[in-house]
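Inspection log for the structure reproduced underneath, given as structure tokens.
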Amino acid sequence: MPFSIPNTRREFLTAATGALPGIAGLTMGIPPGADSRLIFSEGRIAGLHLRNRLVRSATAENAWRDAGMTEEGISLYRDLAEGGVGLIITGYMAVMAAGRSSDLQTRIDDDRFVAGLRRIPAVVHETDRDCKVVAQIAHTGMQARVTEPVGPTTTPWPGTKVKPRALTEKEVREIVSSFAQAAHRAREAGFDGVQIHGAHGYLISSFLSPYTNTRTDQYGGSAGKRAGIVREIVEQARELVGPDFPILIKMNCDDLVEGGVDIQSFPALAGEIERAGVQAVEVSGNNPVREKTIAGGDQPYFLKYAQKLTLKVPVILTGGNRSIEHLERIAGAGFPHFFGFARPLIREPGLPALWKEGRGAPEAACISCNRCIRGFGKGMFTRCRVTELDL
Ligand SMILES: Cc1cc2nc3c(=O)[nH]c(=O)nc-3n(C[C@H](O)[C@H](O)[C@H](O)COP(=O)(O)O)c2cc1C
């Protein structure tokens with residue numbers, strides 16, 4: 000049975016579990032007597048056993064000081080692990096000192112940070128051994144704020160005025176190597192895997208986009224060549240982390256600009272990314288944090304893009320997931336396999352447990368006011384700021 004686009008409840012249950020190559024024979028899905036709702040069925044990403052289909056999408060914390068995370072940041076991860084989510088993806092971590100968005104961004108660009116990073120998986124696993132945590136690794140490219148903005152060419156990302164410097168091939172190779180080393184540090188620190196940040200106009204996203212990447216060397220041109228940077232990262236990382244450490248990616252399904260990735264070109268690009276060796280694709284897009292997302296409205300807003308995919312690896316759909324009933328209906332159609340949440344878990348880290356236990360409302364309390372992200376932009380710790388009306 001192909002893993003892609005399962006059409007039935009049974010296929011949803013086996014798709015992200017025992018049907019994956021190399022793990023046949025595992026009894027997974029819904030154990031006898033357990034919650035029969037699909038989003039609470041067990042799942043798998045590469046060798047990672049996940050207790051449900053709910054994923055905390057990467058959410059930058061603004062909690063890094065010197066060589067470690069503040070107590071506030073560590074508490075955030077404790078709350079998430081306690082809150083019942085199956086997989087936590089951390090906020091983006093800088094793979095290079097040059098390529099950071101701010102001094103508050105978590106760093107994974109040097110071995111001296113491994114000790115500080117270790118506290119994140121430690122607190123998650125100590126809180127709940129069944130909760131998994133993956134480090135998101137990133138280079139902010141032309142959105143770098145403390146260092147020089149760089150990109151595949153000098154074309155600014157749509158909607159911004161920052162004209163980046165075009166990277167040389169040698170510099171691209173250095174960045175590839177930095178991602179691979181960051182993946183290795185993530186493993187050393189005790190994370191359960193890494194996710195390459197390939198979305199939202201950051202460096203990898205700008206290489207994947209035909210709008211910003213008009214290079215004529217080995218890193219530009221066809222979808223396969225634009226995906227070359229990811230292929231090289233995965234190859235080099237694999238050498239360092241071994242065969243069993245999961246490598247995921249988050250990518251744009253739509254750059255929201257004429258000439259960028261769009262609903263027509265996304266499936267083929269995602270196919271190239273899968274061939275590059277990533278083991279799960281999280282679907283996001285430009286303008287990822289849409290305001291005033293309402294349940295039953297256009298949520299989740301990238302669903303129609305995810306439905307175009309015919310990948311063999313699991314797909315995580317992120318952006319505007321707010322209602323358990325709506326998600327259960329989507330899951331009932333068999334695809335996508337996992338659902339990512341960022342803002343709802345900023346407001347209610349315990350939302351998965353509330354839903355599972357039937358306590359609380361079937362809708363997330365988050366109203367997508369985006370004060371959390373505005374506070375983040377001002378260097379404030381990431382938390383719900385719905386009552387801070389001046390933000
Ligand atoms: C405060 C904040 C920080 C974020 N940081 C990241 C990040 O580090 N990496 C990333 O890929 N996406 C980041 N995102 C985007 C989310 O992962 C997600 O794609 C987006 O918020 C849409 O999902 P939602 O509707 O569940 O919030 C951030 C979003 C918010 C609100």
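Count the sequence shown with numbering that gives the first Met the number 0 and you get residues 0 to 390, in order.
Beta carbons: idealized from backbone N, C-alpha and C, even for Gly.
This structure is a prediction, so every number in the text was calculated from the model and none was measured.
Cβ-based burial, residue i [other Cβ within 10 Å; buried from 16]
| i | result |
| --- | --- |
| ALA18 | Note that ALA18 has pLDDT 45, beneath the 50 cutoff, so the model's placement of it is unreliable and the number below is only indicative. When all chains shown are included, ALA18 counts as buried. |
| PRO242 | exposed |
| ARG43 | buried |
| ASP254 | buried |
| ASP389 | exposed |
| ILE396 | The requested residue 396 does not occur in the structure, where the chain is confined to residues 0 to 390. |
| VAL132 | buried |
| GLY258 | exposed |
| THR211 | buried |
| GLN135 | buried |
| ALA269 | buried |
| VAL314 | buried |
| GLY158 | exposed |
| PRO20 | In this prediction, PRO20 scores a pLDDT of 34, lower than 50, which makes its location untrustworthy; no coordinate-derived value is stated. |
| ALA23 | In this prediction, ALA23 scores a pLDDT of 27, lower than 50, which makes its location untrustworthy; no coordinate-derived value is stated. |
| ASP261 | buried |
| SER35 | exposed |
Residue i beta carbon near ligand 1 (any heavy atom closer than 8 Å)
| i | result |
| --- | --- |
| PHE206 | no |
| ILE329 | no |
| PRO368 | In the sequence as displayed, the identity of residue 368 is Cys instead of Pro. Answer for CYS368: no, Cβ out of range of ligand 1. |
| CYS371 | yes |
| THR167 | no |
| GLN217 | no |
| ALA279 | no |
| LYS249 | yes |
| VAL434 | No statement about residue 434 is possible, as the shown extent of the chain runs from 0 to 390 and does not include it. |
| TYR91 | yes |
| ASN320 | yes |
| VAL288 | yes |
| PHE39 | no |
| HIS199 | yes |
| PHE340 | yes |
| ALA57 | yes |
| PHE190 | no |
| THR126 | no |
| PRO343 | yes |
| SER283 | yes |
| ALA137 | yes |
| HIS325 | no |
Spatial neighbours of residue i in its chain, beta-carbon cut-off 7 Å, leaving aside the 5 residues before and after
| i | result |
| --- | --- |
| ILE232 | VAL175, PHE178, ALA179, ILE195 |
| TYR201 | ALA137, HIS138, THR139, GLY140, GLN142 |
| GLY359 | LEU353 |
| LEU326 | ILE38, ASN320, PHE338 |
| SER100 | THR139, GLN142, ALA143, ARG144 |
| ILE107 | MET92, ALA93, VAL94, LEU116, ALA134, ILE136, ALA181, ARG184, ALA185 |
| ALA66 | ARG111, PHE112, GLY115 |
| ASP102 | VAL145 |
Residue-chain proximity (residue i, chain D), Cβ-Cβ < 9 Å
| i | result |
| --- | --- |
| LYS377 | Among the chains in the structure shown there is no chain D, since it carries only a single protein chain. |
Sequence-distant residues of the same chain with beta carbon closer than 8 Å to residue i, five excluded per side
| i | result |
| --- | --- |
| PHE340 | LEU53, VAL54, ARG55, SER56, VAL84, THR317, ASN320, LEU350, ALA363 |
| GLY276 | ARG230, VAL233, GLU234, ARG237, ILE246 |
| LEU166 | VAL149, GLY150, PRO151, ILE174 |
| ASP78 | PRO348, GLY349 |
| TYR218 | PRO151, GLU168, VAL171, PHE206, ASN212, LYS224, ARG225, GLY227, ILE228 |
6 Å CB neighbourhood of residue i in its chain, flanking five on each side removed
| i | result |
| --- | --- |
| LEU116 | ALA188 |
| ALA45 | PRO245, GLN278 |
| LEU239 | ALA179, HIS183 |
| ALA222 | ALA267, LEU268, GLU271 |
| GLY376 | none |
| ILE443 | Only positions 0 to 390 of the chain appear in this structure, which leaves residue 443 out of reach. |
| MET122 | Looking at the sequence shown, residue 122 is not Met but Val. Cβ neighbours of VAL122 beyond the five flanking positions: ILE73, TYR76, ARG77. |
| SER204 | GLY197, ALA198, ASN251 |
Any non-hydrogen atom of ligand 3 within 8 Å of residue i CB
| i | result |
| --- | --- |
| TYR76 | This structure simply doesn't include ligand 3; it includes ligand 1 instead. |
Residue interval of the alpha helix (DSSP H) (run including residue i)
| i | result |
| --- | --- |
| LYS224 | 222-225 |
| VAL122 | 118-126 |
| GLU70 | 70-81 |
| ALA305 | 302-305 |
DSSP bridge partner residues for residue i (one or two, in chain order)
| i | result |
| --- | --- |
| ALA165 | GLY150 |
| ASN369 | Per DSSP, none; premise fails for ASN369. |
| THR58 | None, per the DSSP bridge assignment. |
| HIS48 | ARG43 |
| ARG289 | Note: ARG289 sits in no beta bridge, so no partner. |
| ARG274 | None; ARG274 has no bridge partner. |
Boundaries of the beta strand (DSSP E) in which residue i is found, first to last residue
| i | result |
| --- | --- |
| LYS355 | Premise fails: LYS355 lies in the alpha helix (DSSP H), 350-355, not in any beta strand (DSSP E). |
| HIS196 | 192-197 |
| PHE338 | 337-340 |
| SER283 | 280-283 |
| LEU316 | 314-317 |
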